[in-house]
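Since the structure comes first, as structure tokens, the remarks are kept for the end.
Residue numbers (this note's numbering): 611 to 969.
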């Protein structure tokens, strides 16, 4: 039976184009349409859908306001945002993900461009992930607060009995669908004196990762920035892979570790791809690589970590199924026998700290 889809967009032409794309795929069927958030709220109050395709800028009630109302009245919905790639659009998209949207797709301004094969393929791929993803929880704010309280207590213990782990270490995190919000339950809980640099590959297109890094930096004690070409890795810093570019760690003969951004072909259907990051660490001078594979579709990270293990000491943390929006990436790591530990989202930060240490 095809998945039931609700399309919400104030443009009649855009609604038609998106509905045509959806209905042409036997996996999906558009069963309702709405031209603004108010119409969508009425429909969602009375009906259930496998996924909602939601525009951002609409009259009467925009996409963010609709998400707020759904949260307020505890109306469950799997929402995919259709967003622009402007700086303002990127920030709005991150707001939407915090409010419960599961993923997003960059929607071209022109309906003609939406009929292109590249957009059609990415749109349907994302819609399939969202339609099969875990329904968002309405207790996440309370849960995140509890997580922070737990880690604060742990940090008190660490401050009195500092965790010391020998050797030169690096943390390498991979995440995809559900990742932007889930990273907010990990990165802000890392201390500023973490005894390692942190690399993050989050599957996002160009134009969005700078806003993600800025938001995480504002929430964190540890420094967070978008990765830049040629910069040297420093302890106590988090480097978010730039959207649309692969992230590599380059090791000099003197043992310096710097970042290289490349536009090599898409891999696992994405760019950046975590496999490239993990494979680039094979020839590094790090004694230990602590890997964390979080929520996301597919198997990105599995091949790279498998190769990394042949040359570097690794410790692999996989997010558990219950707290993953999409269990694909962690599941692949577990199935390959590469996971040393499977933990819920609220324990990932503390496990990183315990296996890396603080200065």
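A virtual CB, placed ideally from N, CA and C, is assigned to each residue, including glycine. No experiment lies behind these values; they were computed from the predicted model shown.
{"Asked": "What residues in its chain sit with their C-beta under 7 Å from that of residue 721, if we drop five residues either side in the sequence?", "Found": "623, 624, 627"}
{"Asked": "Could you have a look at residue 627 and say whether DSSP puts it in helix, strand or coil?", "Found": "helix"}
{"Asked": "Return the chain-ordered list of same chain residues with a C-beta closer than 7 Å to the C-beta of residue 854, the five sequence neighbours on each side being excluded.", "Found": "815, 816, 881"}
{"Asked": "Secondary structure at residue 800, three-state DSSP: helix, strand or coil?", "Found": "coil"}
{"Asked": "Mind listing, in chain order, the continuous beta strand (DSSP E) runs of no fewer than 3 residues lying wholly within the segment 711-745?", "Found": "713-716"}
{"Asked": "Can you confirm whether the segment 906-924 touches the segment 884-895 when touching is taken to mean that 3 or more C-beta pairs between the two stretches lie within less than 8 Å?", "Found": "yes"}
{"Asked": "Name the residue from 651, 824, 632, 702 whose alpha carbon lies nearest to the alpha carbon of residue 731.", "Found": "632"}
{"Asked": "Starting from residue 913, follow the alpha helix (DSSP H) in both directions and report where the run begins and ends.", "Found": "912-918"}
{"Asked": "Within 10 angstroms of its Cβ, does residue 643 collect 16 or more other Cβ (buried), or is it exposed?", "Found": "buried"}
{"Asked": "What's the call for residue 706, buried or exposed, on a 16-neighbour Cβ count within 10 Å?", "Found": "buried"}
{"Asked": "For residue 937, which three-state DSSP category applies?", "Found": "coil"}
{"Asked": "Report the residue ranges of all beta strand (DSSP E) runs contained in full by the segment 839-905; include only those spanning at least 3 residues, in chain order.", "Found": "847-850, 856-861, 867-872, 898-903"}
{"Asked": "Count the other C-beta atoms from every protein chain shown that fall within 10 angstroms of the C-beta of residue 923, then say buried if there are 16 or more, exposed otherwise.", "Found": "exposed"}
{"Asked": "Excluding the 5 residues flanking residue 958 on each side, which residues of the same chain have their C-beta closer than 8 Å to its C-beta?", "Found": "795, 796, 902, 904, 927, 929"}
{"Asked": "Taking DSSP as the reference, what is the three-state secondary structure of residue 617?", "Found": "strand"}
{"Asked": "Excluding five sequence neighbours on each side, which residues of the same chain lie with their C-beta closer than 7 Å to the C-beta of residue 745?", "Found": "686, 688"}
{"Asked": "Given that a residue counts as buried once 16 or more other Cβ atoms are within 10 Å of its Cβ, and exposed if not, what is residue 914?", "Found": "buried"}
{"Asked": "Please state the DSSP three-state secondary structure of residue 966.", "Found": "helix"}
{"Asked": "Distance check for residue 839 and residue 871, CA to CA, integer angstroms please.", "Found": "6 Å"}
{"Asked": "For residue 843, which of 739, 910, 822, 895 has the nearest alpha-carbon?", "Found": "895"}
{"Asked": "What does residue 808 pair with, by DSSP beta-bridge criteria?", "Found": "781, 848"}
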